[in-house]
Amino acid sequence: DAKTTQPPSMDCAEGRAANLPCNHSTISGNEYVYWYRQIHSQGPQYIIHGLKNNETNEMASLIITEDRKSSTLILPHATLRDTAVYYCIVRVYRGGATNKLIFGTGTLLAVQP
Amino acid sequence: DTAVSQTPKYLVTQMGNDKSIKCEQNLGHDTMYWYKQDSKKFLKIMFSYNNKELIINETVPNRFSPKSPDKAHLNLHINSLELGDSAVYFCASSQDMGIQQYFGPGTRLTVT
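These protein sequence lines map, in sequence, to chains A and B. Everything in the first sequence is counted per this note's numbering, starting at 101 for the first residue and increasing by one. Everything in the second sequence is counted per this note's numbering, starting at -9 for the first residue and increasing by one.
Now the structure itself:
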């Protein structure tokens, strides 16, 4: 699996967009980029995933560079409840038996009032 | 309704004891997982079951034994507990071993 690099921490003002970067320079063509987050003392929560194209859902947008070596998770209007550790995970999606998430150290996003 | 539930939420026990953690999901998923998050917050998979069959078994001591009585349940039994077993244990489930996994609230195990 491709290794990911994320900044250990970031701050964002409430109501502003939070842009969380992730480097995955060794990503292969069949590897997906997933984002999960973990709010303090809770279980991780799925946010979004993508392969090549940019993706958007009700929680966030995922922008993947054309060479796929990096991506950015965008929370368009951060709230205090978005304070969490955000994990960028790169993984081959196997329809078979070994789909396991390998979590790194993530980015602690602190949304400031 | 809670999608993935775990019991107990907190478990404090002494070294050498045997304990179990239970997990139930009401999402109709066919794959369930156990993850361990240690004191440094590293989150690592331990096991996964698909349709009651063990699929992933990471390098976990054999004191840990998962059991899946049916697709909706995956329990974790730990024998001869050690101090290093202290951690938060998360259960998760997904459909068809898919990308989106749903996590439970965690069980904080403290071994004294």
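Virtual Cβ for every residue (Gly too), placed ideally from N, Cα, C.
Boundaries cannot be given for S70 of chain B, as no beta strand (DSSP E) includes it and DSSP labels it neither H nor E. Taking the Cα of Y132 of chain A as reference, the smallest distance to any Cα among A:I189, A:P213, A:G204 is reached at A:I189. Inclusion of H149 of chain A and I89 of chain B in the CB contact set at 8 Å is warranted, their separation being smaller than that value. As a beta-bridge residue in DSSP terms, G150 of chain A pairs with A:V133. Within the same chain, and ignoring the five residues on either side of F80 of chain B in sequence, the residues whose Cβ sits closer than 7 Å to its Cβ are Y25, Q27, F93, G94, G96.
The beta-carbon distance between T207 of chain A and P107 of chain A, rounded to whole angstroms, is 5 Å. This is short enough to meet the 8 Å contact definition. Here L44 of chain B carries a strand assignment [DSSP, helix/strand/coil]. Proximity to S83 of chain B across B:F37, B:H67, B:S70 peaks at B:F37, based on C-alpha coordinates. Annotation for S141 of chain A: no beta strand (DSSP E) segment contains it, and DSSP assigns it neither H nor E. As the crow flies, the alpha-carbon of L162 of chain A is around 17 Å from that of G129 of chain A.
Distance from the Cα of A210 of chain A is smallest, within the candidate group A:G204, A:I147, A:T183, for A:T183. Between the beta-carbon of L71 of chain B and that of M5 of chain B there is about 6 Å, and that keeps the pair under the 8 Å contact cut.
In the DSSP secondary-structure assignment, F80 of chain B is bridged to B:Y25.
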